[in-house]
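Heads up: the sequence shown begins at 23 in our numbering, then just goes up one per residue. Yeah, the Cβ is synthetic: ideal placement off N, Cα and C, and Gly gets one too.
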Amino acid sequence: MAKARHRQYIQKVRADLGMEPAWPPASHRRLGDVGVFRKGQFERKGTLKSLYGIDFTPRPIPLNRASYHSDSKGSVQIQLNAGIGADAGLLTADGSVLLKFARARSVLFHATGCRTEEIDDIEAIDSRMLALRRTGVWPDDQVVITEVTHAAFTTVLMSRRRGDRIALQATADPGVTGLDILAASGGLQWAGGSTAGLQVLSEGELTPLYRVRGVIPHWFKDAESGFLGEADDEVEKWSVDEVSSESFETDDDDEDDDEEEDGEEEDDGGGEDSDDD
Numbered sequence: 023m024a025k026a027r028h029r030q031y032i033q034k035v036r037a038d039l040g041m042e043p044a045w046p047p048a049s050h051r052r053l054g055d056v057g058v059f060r061k062g063q064f065e066r067k068g069t070l071k072s073l074y075g076i077d078f079t080p081r082p083i084p085l086n087r088a089s090y091h092s093d094s095k096g097s098v099q100i101q102l103n104a105g106i107g108a109d110a111g112l113l114t115a116d117g118s119v120l121l122k123f124a125r126a127r128s129v130l131f132h133a134t135g136c137r138t139e140e141i142d143d144i145e146a147i148d149s150r151m152l153a154l155r156r157t158g159v160w161p162d163d164q165v166v167i168t169e170v171t172h173a174a175f176t177t178v179l180m181s182r183r184r185g186d187r188i189a190l191q192a193t194a195d196p197g198v199t200g201l202d203i204l205a206a207s208g209g210l211q212w213a214g215g216s217t218a219g220l221q222v223l224s225e226g227e228l229t230p231l232y233r234v235r236g237v238i239p240h241w242f243k244d245a246e247s248g249f250l251g252e253a254d255d256e257v258e259k260w261s262v263d264e265v266s267s268e269s270f271e272t273d274d275d276d277e278d279d280d281e282e283e284d285g286e287e288e289d290d291g292g293g294e295d296s297d298d299d
């Protein structure tokens, strides 16, 4: 069966960018948040301070900014300053972009003006985490957010069917060019074509990406700490990997009958209206 939307979004963005994508995309993540992954979503239990009395200091945020782009390994074609045709009621125009999706549930992710916030003394946090684990207070499947990417503007789109075409238009800055159209400061609006299965258009001040650290237990040596997915021994697999953002339960009940991928359908398992923060 086809994978549900949240599975597709998390797996494709994580594979391209090497960071955890927030789900729902508009949910906010903060340094020091402690939790576990349930159905691919970060389930917040508290903070280092509220649960364990642990204080930390964020590192100074650098002035430079970055952009992050993911297009499901090239399955989303981007055509700038072009509409979907007069027959659909939209003509070619400046400040517009046409997205062509080669597969159902292909994901376009674009975030600009990004700055990364990190915990400064990560060694001290690791040491406290391992000490708590030795006393049975820190569960093996628990993680802590140690890096958060703040984005000035974020656009996320997911197709519903193979061959979908979606046209977008910069609303207040028609002179914007290139991929900057996807993060227009004046806003972005749907201008024609297919209806997206997931849509966040040039939303400001989100935390769309983050990284977590947890405990890596070993058979024949002491446990260590590290980023999720960092263990390189296939035998000694992370405990947190088993309930990470790429592991999903299959007992969801809601179905998206209008969505399809190669003729098969599957339930979503998590919608945009749920946020555990």
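| query | With a cut-off of 8 Å, do at least 3 Cβ pairs link the stretch 166-182 to the stretch 131-142? | reply | The way I'd put it, the stretch 166-182 does touch the stretch 131-142; three or more beta-carbon pairs between them come closer than 8 Å.
| said: Once the 5 residues before and after Gly67 are set aside, which same chain residues still bring their CB inside 8 Å of it? | reply: For the purposes of this step, residue 67 is taken as residue 45 along the sequence shown, with counting starting at 1. Before going on, a small fix: residue 67 reads as Lys here, not Gly. These residues qualify, in order along the chain: Val56, Gly57, Val58, Leu73, Gln164.
| message | Can you tell me which residues form a DSSP beta bridge with His91? | response | If you number the sequence shown from 1, residue 91 lands on position 69. In the DSSP output, where bridge partners are listed per residue, His91 has His132.
| message | Excluding the 5 residues flanking Phe131 on each side, which residues of the same chain have their C-beta closer than 6 Å to its C-beta? | response | On the sequence shown, residue 131 is found 109 positions in, with the first residue counted as 1. Its chain contains Val35, Ser92, Val178 as the residues whose beta carbon lies nearer than 6 Å to that of Phe131, once the 5 sequence neighbours on both sides are disregarded; these appear in chain order.
| message | Quick check: the stretch 215-222 against the stretch 152-161, are at least 3 beta-carbon pairs closer than 8 Å? | response | Counting C-beta pairs closer than 8 Å gives fewer than three between the stretch 152-161 and the stretch 215-222, which falls short of the contact rule.
| query | Whose CA, out of Pro46, Thr176, Ala146, Ala48, lies closest to the CA of Ala206? | reply | The sequence position of residue 206 within the sequence shown is 184, counting from 1. When each option's Cα is compared against that of Ala206, the closest is Thr176.
| query | Would Thr79 pass as a contact of Asp148 if the rule is Cβ separation under 8 Å? | reply | Here the question's residue 79 lines up with position 57 in the sequence shown. Here the question's residue 148 lines up with position 126 in the sequence shown. No; because the gap between Cβ atoms is not below 8 Å, this pair is not in contact.
| Hey, how far is the Cα of Phe249 from the Cα of Pro43? | Mapped onto the sequence shown, residue 249 falls at position 227. Mapped onto the sequence shown, residue 43 falls at position 21. Near 14 Å, if we compare the C-alpha coordinates of Pro43 and Phe249.
| task | For Gly54, count neighbouring Cβ atoms within 10 angstroms of its own Cβ and tell me buried if that reaches 16, exposed if not. | result | If you number the sequence shown from 1, residue 54 lands on position 32. So Gly54 ends up on the buried side.
| field | Boundaries of the beta strand (DSSP E) in which Asp38 is found, first to last residue | value | Here the question's residue 38 lines up with position 16 in the sequence shown. That residue, Asp38, is in no beta strand (DSSP E); its alpha helix (DSSP H) goes 27-39.
| Ala213: which of Ser49, Val119, Ile83 sits nearest, CA to CA? | Counting from 1 along the sequence shown, the entry for residue 213 is found at position 191. The option with the nearest alpha carbon to Ala213 is Val119.
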